[in-house]
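Trainee: Numbering that gives the first Met the number 0 numbers the first residue of the sequence shown as 0 and each following residue consecutively. Ideal placement from N, C-alpha and C gives every residue a C-beta, glycine not left out.
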Amino acid sequence: MWRVLAVLRLVLVGYAFVVNVVQWGEYARPLLGWLVFAAIAVWSAIATWFYAVPRRRYRWVLAIDVAVALGGLLLTPVVQGDLAAAEQAASVPSYWIAAPVLACAIRGGWQGGLIVAVVVGVVDISVRAEVIQRTLGNTFLLCLAAVVVGYSAALVRSAAAERTAATALSAATAERERIARAVHDGVLQVLAYVQRRGSQIGGPTRELADLAGEQEAALRALIREQAAEPDTVGDVAALLQPLAGASVSVATPGTAVQLPAPAASELVAAVREAVLNAREHAADAPVYVLVEDEVDAVTVSVRDDGPGIPEGRLDQAAANGRLGVRHSIVGRVEGLGGTATLHTGAGGGTEWELRVPRTLPP
Numbered sequence: 000m001w002r003v004l005a006v007l008r009l010v011l012v013g014y015a016f017v018v019n020v021v022q023w024g025e026y027a028r029p030l031l032g033w034l035v036f037a038a039i040a041v042w043s044a045i046a047t048w049f050y051a052v053p054r055r056r057y058r059w060v061l062a063i064d065v066a067v068a069l070g071g072l073l074l075t076p077v078v079q080g081d082l083a084a085a086e087q088a089a090s091v092p093s094y095w096i097a098a099p100v101l102a103c104a105i106r107g108g109w110q111g112g113l114i115v116a117v118v119v120g121v122v123d124i125s126v127r128a129e130v131i132q133r134t135l136g137n138t139f140l141l142c143l144a145a146v147v148v149g150y151s152a153a154l155v156r157s158a159a160a161e162r163t164a165a166t167a168l169s170a171a172t173a174e175r176e177r178i179a180r181a182v183h184d185g186v187l188q189v190l191a192y193v194q195r196r197g198s199q200i201g202g203p204t205r206e207l208a209d210l211a212g213e214q215e216a217a218l219r220a221l222i223r224e225q226a227a228e229p230d231t232v233g234d235v236a237a238l239l240q241p242l243a244g245a246s247v248s249v250a251t252p253g254t255a256v257q258l259p260a261p262a263a264s265e266l267v268a269a270v271r272e273a274v275l276n277a278r279e280h281a282a283d284a285p286v287y288v289l290v291e292d293e294v295d296a297v298t299v300s301v302r303d304d305g306p307g308i309p310e311g312r313l314d315q316a317a318a319n320g321r322l323g324v325r326h327s328i329v330g331r332v333e334g335l336g337g338t339a340t341l342h343t344g345a346g347g348g349t350e351w352e353l354r355v356p357r358t359l360p361p
């Protein structure tokens, strides 16, 4: 809409020029009148340059725009002298005063445009020797134009934002589908093969087959989750229930434990990784998952009675390039603005305390 305003401003400058050419012979101070018109014309070029780029649409530019219009109106009686008392006499800026009003409406919405329109209209009426119906009608039309243009500008911005969001969603959906196909053709088939062959061979490989089957199911669930329509809120308690099993106990409140959907998914993924680590390193030790629904956060504890993690083991693993715990657990939780605290020691079991605030970081 700024381009349309630029064209309209140019047209209004041309109209003001014609008006002043017609009236200048009756001006008491014609030189001052042409100086006022020149200031309006020069400022129109400057304002058009500022408004052409979004980052240059400063509020102080709008303030100067309005000030030029008000200055042109206030100087009209000085320029015109006795002509100002004539009913048909037009002001020096003429209809150009609508340009700053519409600029404020586009930039600040219909409320801002209406306020500026009222101010400009009152000043226009105040410089008239006599208030006539045409002047009041022009003021009413100016206010009406400010409301319509301001409201339309808001609709245009909303439509543009929705179109951008739809484009981003379409691109993200296409990328998820591509990744899902790649995972299905590669990782899932390998996991399914490992599960099938491990079950056929039996013996110690059966445990490997069970782990492969669990990972295959988890990966398929993740793909389905990514392909589904995004929810705004996720229930952490419900999302953690599939982890429960013979060796994994999940305790949750009786009511839904809600977090924003992205936070809920990431927290559940971190808990799942902690449970898998416990089952891998704690042998047959039971794993306990406890969900606490706090006022400003959600805390999930994952505890096992296994051998624990010797001091410095995780730092050594990170130094060697094995960043599974740091990325899959700590990284996920810290990315949500939360904390991941590890309580462990050789022979003392392991407990992860994952705390995520309800308000996501910007």
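1. The beta strand (DSSP E) that contains Gly233, what's its start and end?
2. Where Ala83 and Gln22 are concerned, what is the direct C-alpha to C-alpha distance, given to the nearest angstrom?
3. Figure out for me which residue from Thr254, Thr251, Pro252, Leu238 has the closest Cα to the Cα of Val267.
4. Under a three-way DSSP split, which group does Pro203 fall into?
5. The alpha helix (DSSP H) spanning Leu4 covers which residue range?
6. Quick check: what's the CA-CA separation for Ala211 versus Gly305?
7. Going by beta-carbon coordinates alone, are Ala89 and Val18 separated by less than 8 Å?
8. For Ile244, count neighbouring C-beta atoms within 10 Å of its own C-beta (all shown protein chains included) and say buried if the count is 16 or more, exposed if not.
9. What residue ranges within the stretch 71-134 form continuous alpha helix (DSSP H) runs of no fewer than 4 residues, ordered along the chain?
10. Looking only at C-alpha atoms, which of Ile308, Asp81, Leu289, Glu293 sits nearest to Val301?
11. I need the straight-line Cα distance from Ile200 to Gln188, nearest angstrom please.
12. Go ahead and pull the three-state DSSP assignment for Thr349.
13. Classify Glu293 as helix, strand or coil using the three-state DSSP reduction.
14. What is the DSSP secondary structure of Pro252, counted as helix, strand or coil?
15. Quick one: Cα of Gln110 to Cα of Ile328, how far?
16. Spell out the partners DSSP gives Gln257 in its beta bridges.
17. Have a look at Ala46 and Leu30 and give me their C-alpha separation to the nearest angstrom.
18. Helix, strand or coil: which one does DSSP assign to Tyr26?
19. In the DSSP output, what is Leu341 paired with across the bridge?
20. Excluding the five sequence neighbours on either side, which residues of its own chain have a C-beta within less than 7 Å of the C-beta of Asp292, listed in chain order?
Mentor: The short version:
1. Per DSSP, Gly233 belongs to the beta strand (DSSP E) from 232-234.
2. Their Cα atoms are separated by approximately 11 Å.
3. The residue with the shortest Cα to Cα distance from Val267 is Leu238.
4. In the structure shown, the three-state DSSP call for Pro203 is coil.
5. For Leu4, the uninterrupted alpha helix (DSSP H) run begins and ends at 1-22, by DSSP.
6. Here the C-alpha atom of Ala211 lies approximately 22 Å from the C-alpha atom of Gly305.
7. Yes. Within cutoff.
8. The amino acid occupying residue 244 in the given sequence is Gly; Ile does not appear at that position. With fewer than 16 Cβ atoms within 10 Å of its Cβ, Gly244 is classed as exposed.
9. Entirely contained in the stretch 71-134, the alpha helix (DSSP H) runs reaching 4 residues are, in chain order, 97-125.
10. Measuring C-alpha to C-alpha distances from Val301 to each of Ile308, Asp81, Leu289, Glu293 identifies Leu289 as the nearest.
11. The straight-line gap from Cα to Cα measures roughly 18 Å.
12. It is a strand residue.
13. In this structure, Glu293 counts as coil in the three-state DSSP scheme.
14. Pro252 falls in the coil class under three-state DSSP.
15. Computed Cα separation, rounded: 49 Å.
16. DSSP lists Asp234 as partners of Gln257.
17. Their backbone Cα atoms lie some 24 Å apart in a straight line.
18. The answer is coil: DSSP assigns Tyr26 none of H, G, I, E or B.
19. In the DSSP secondary-structure assignment, Leu341 is bridged to Trp351.
20. The answer, listed in chain order, is Pro252, Val256.
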